[in-house]
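Asks: Chains as they are written, first to last, in my numbering: chain X, -19 to 378; chain H, 633 to 771.
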Amino acid sequence: MRVYADNAATTYMSDVAKEKFIECLDKYNGNPNSLHSDGQRTQEVLDEARETVAKCINAAKANEIYFTSGGSEADNQALISAARGLKNKGKKHLITSNIEHHAILHTMAKLEKEGFEVTYLKPQKNGIVDVKDVEDAIREDTALVSIMFANNEMGAIQPIPEIGALCKSKGVLFHTDAVQAAAHLPIDVQAMNIDMLSMSGHKFHGPKGIGVLYARNGIRLINIIEGGAQERGKRAGTINVPAIASMAVALKDGCDHMEENMAKVSKLRDRLIEGLKDIPYSQLNGDPVKRLPGNVNFSFEGVEGESLLLHLDMYGIECSSGSACTSESLDPSHVLTGMGVPVEAAHGSLRFSFDVENTEEEVDYIIEKVHSVVQRYRDLSPYWEDLVNGKREHCIPE
Amino acid sequence: MSLYTDKVMDHFENPRNVGVIEDADGVGEVGNPLCGDIMKMYLKIEDDVITDVKFKTFGCGSAIATSSMATELIKGKTLDEALELTNKAVVDALDGLPARKIHCSVLAEDAIKAAMVDYYERSGREMPESLVGFEPHED
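1. Could you say which of X/Gly70, X/Ile199, X/Ala(-15) and X/Ala216 lies nearest to X/Ile205 if we only look at CA atoms?
2. Give the range of the alpha helix (DSSP H) segment to which X/Thr87 is assigned.
3. In angstroms with no decimal places, state the Cα-to-Cα distance between X/Arg64 and X/Glu94.
4. What in chain H is Cβ-close to X/Met438, meaning under 7 Å?
5. So, under 8 Å CB-CB, X/Ala223 and X/Gly181 are touching, yes? Tell me the CB distance rounded to an integer number of Å.
6. Are any of the Cβ atoms in chain X nearer than 8 Å to that of H/Asp642?
7. Figure out for me which residue from H/Cys667, H/Met701 and H/Met759 has the closest Cα to the Cα of X/His327.
8. Determine, for H/Thr637, whether the minimum Cβ-Cβ distance to residues of chain X falls below 8 Å.
9. Quick check on the DSSP output: the alpha helix (DSSP H) that includes X/Ser14 runs from which residue to which?
10. In terms of residue numbering, what span does the alpha helix (DSSP H) encompassing X/Asn275 cover?
11. Show which residues of chain H have a CB atom less than 8 Å away from the CB atom of X/Val368.
12. Please list, in chain order, all residues of the same chain as X/Glu92 whose beta carbon is under 8 Å from its beta carbon, the five residues on each side excluded.
13. If you count every other CB in all the chains shown that lies within 10 Å of the CB of X/Pro268, and 16 or more means buried, which is it?
14. Taking beta-carbon pairs under 9 Å, can you tell me which members of the stretch 284 to 295 of chain X lie near chain H?
15. So, using beta-carbon positions, are X/Gly50 and X/Gly207 closer together than 8 Å?
16. Counting only C-beta atoms, is H/Glu661 closer than 8 Å to chain X at any point?
17. Given this structure, state the Cα-to-Cα distance separating X/Lys270 from X/Leu5, to the nearest angstrom.
18. Is X/Met179 buried or exposed, if buried means 16 or more other CB atoms sit within 10 Å of its CB?
19. Which class does X/Gly296 belong to by DSSP, given the choice of helix, strand or coil?
20. For the beta strand (DSSP E) containing X/Thr339, name the first residue and the last one.
21. If you scan the stretch 118 to 189 of chain X from start to end, which runs of the alpha helix (DSSP H) of 4 or more residues do you find wholly inside it?
22. Counting pairs of Cβ atoms below 8 Å between the stretch 236 to 250 of chain X and the stretch 10 to 27 of chain X, do you hit three or more?
23. Skipping 5 residues on each side, what residues in its chain have a beta carbon closer than 7 Å to that of H/Pro760?
24. Give the residues of chain H in contact with X/Leu360, contact being defined as C-beta atoms less than 8 Å apart.
25. Classify X/Thr218 as helix, strand or coil using the three-state DSSP reduction.
26. What three-state label does DSSP hand X/Gly234 in the structure shown?
27. So, helix, strand or coil for X/Phe1, using DSSP?
28. Whose C-alpha, out of X/Phe332, X/Leu231, X/Lys41 and X/Asp110, is nearest the C-alpha of X/Val159?
29. From X/Val390 to X/Glu378, what distance separates their C-alpha atoms?
30. Using the C-alpha atoms, what's the distance from X/Ala34 back to X/Lys41?
31. Exposed or buried, what is X/Leu15 when buried is set at 16 or more other beta-carbons lying within 10 Å of its beta-carbon?
32. Taking Cβ positions, are X/Lys90 and X/Met319 nearer each other than 8 Å?
33. If you draw a straight line from the C-alpha of X/Lys112 to the C-alpha of H/Leu675, how long is it?
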């Protein structure tokens, strides 16, 4: 059996998205900046996509939607625009969390080198940032708060409406990286007081290499890519209309079926959580309830995540791990350690991320194989032996 | 190309010499849980020959594969021959490792050396010069 359970890494393109992509290649291949008929026909498709995206997140106007190369570019542009744009108004402070995507964290680090001060909030044990901590961190010179909508690794959903309201009352810009949330959770940028928001097409069955930056009118964006006057002069480069149109229909598809998808996928999620929690010395990472519908992240003590992942892959199960050995660095997941999961437990973590295509049968197969693989590598582990013999202390309760 | 060679995957899937030797003549353990890998090697030595070797490893696929291959390379060898084992020999025997996994092979070499140091200390025999003051690498 082959089970794809890594939808947080990337999703397959849906049929509607593929059809739209090909339709554009066939019929709307013009450059929307061209004044001839082909160009103008393509411009109409682009306009329609922009309208669609705006509606899906309830943006007030379609011109608040900027198409980018993906979530990372959108994150970069949002932070850089807020920071550099407000610098001459004496704002030099930024607030984020230590569990953000590296597109946020590395951009923040760059801004620190430029002289900005950054506060990195640590979430509570359940992976959720405390709104009170955000409030306490806001200063006179705070330019921006950037907190992700939902975490990509352990799925915790952040208190976005509350942070939005807080930022509005304090006159601070609010950006959210909604890469994992778009098309999966309800988003209303107006009701939630979101000033800027990032998303990425391939996380919701659209194509790769395309994303969105929503920026409320009145926010002056600073270009990351200079050149032509595309995207209201804020993002140069010939517009990738097939990808944009395809992403827009994928987003709409997700939003149109959101309620039923959430119900179905969260049932799979809870079935897996239920099936794994009887493994002794294991723990679910991230809030059990306020979490992405498809996300399951578990730590198993005494074993290392990459070996589990590789062995599951032999069984046809595709997932991911927060262990150091699956990263380019020698450190385990900054998200798990950032929320207080012990380093040892972060090494032994697995993430499964489902979508509507997954089935209960697949979940049961995963449960069976995870039990056997964890046992296999515990039997092989001198660390586990020490835990059993009491030579080392458990960091996860039985 | 996949991350690991067929040989690495073979030793990962079917690791050789897994287990413990209750009456081992030398035991070595290197690594720690914070770094995400621990290797423990058990040696049985008769007349200067490694007659049996077993290991247990907590770690990633390449940590398991390098432990397994290292035990294969020293089994039946004399102590002097085993002392010549380098991490590079382990890597070569596995048809290579990704650059960021080379430290796993260093760990395997260290685990064997640590077990040999333990053997010389327990037996009271004179330690070969190359093992005097042996310290495992920082992970």
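From the three backbone atoms N, C-alpha and C, an ideal C-beta is built for every residue, glycine too.
Only a predicted model underlies this, so the values are computations on that prediction, with no experimental measurement involved.
Replies: Straight from the coordinates:
1. The shortest CA-to-CA distance from X/Ile205 to any of X/Gly70, X/Ile199, X/Ala(-15) and X/Ala216 is the one to X/Ala216.
2. Judged by DSSP secondary structure, X/Thr87 falls within the alpha helix (DSSP H) whose first and last residues are His82 to Lys93.
3. Whole-angstrom Cα-Cα distance: 9 Å.
4. Because chain X spans -19 through 378 in this model, residue 438 of chain X falls outside it and cannot be assessed.
5. Between X/Gly181 and X/Ala223 the Cβ distance is about 7 Å, and since that is below 8 Å, they are a contact.
6. Not an interface residue.
7. Nearest C-alpha to X/His327: H/Cys667.
8. Closer than 8 Å: no.
9. For X/Ser14, no alpha helix (DSSP H) run applies, since DSSP gives it neither H nor E.
10. It is not in any alpha helix (DSSP H) - X/Asn275 instead sits in the beta strand (DSSP E) that spans Asn275 to Phe280.
11. Neighbourhood of X/Val368 in chain H, by CB distance below 8 Å: empty, with the nearest CB roughly 12 Å away.
12. Cβ within range, chain order: Val98.
13. When all chains shown are included, X/Pro268 counts as exposed.
14. Within the stretch 284 to 295 of chain X, the qualifying residues are Glu284, Gly285, Glu286, Ser287, Leu289, Leu290, His291 and Met294.
15. No, Cβ-Cβ distance for X/Gly50 and X/Gly207 is not below 8 Å.
16. By this cut-off, H/Glu661 is an interface position.
17. Between X/Lys270 and X/Leu5, the C-alpha separation is close to 40 Å.
18. Residue environment analysis places X/Met179 among the buried positions, since at least 16 neighbouring C-beta atoms fall within 10 angstroms of its C-beta.
19. In this structure, X/Gly296 counts as coil in the three-state DSSP scheme.
20. Taken as a continuous stretch (DSSP letters only), X/Thr339 belongs to no beta strand (DSSP E), as it is neither H nor E.
21. The qualifying runs are 140 to 150.
22. The answer is no - the stretch 10 to 27 of chain X does not touch the stretch 236 to 250 of chain X, with fewer than three Cβ pairs under 8 Å.
23. So the qualifying residues of the chain are Leu715.
24. Under the 8 Å cutoff, chain H gives Pro647, Val650, Lys688, Thr689, Phe690 and Ile696.
25. When DSSP states are grouped into helix, strand and coil, X/Thr218 belongs to the coil group.
26. Helix, per DSSP.
27. In this structure, DSSP gives X/Phe1 a helical state, which the three-state scheme calls helix.
28. Cα-wise, what sits closest to X/Val159 is X/Leu231.
29. Lying before the first or after the last residue shown, residue 390 of chain X is absent from chain X, which here runs from -19 to 378.
30. Approximately 7 Å, taken between the alpha carbons.
31. Here X/Leu15 is exposed: its Cβ has fewer than 16 other Cβ atoms, across all protein chains shown, within 10 Å.
32. Not a contact, by the Cβ cut-off of 8 Å.
33. When rounded, the distance between both Cα atoms is 57 Å.
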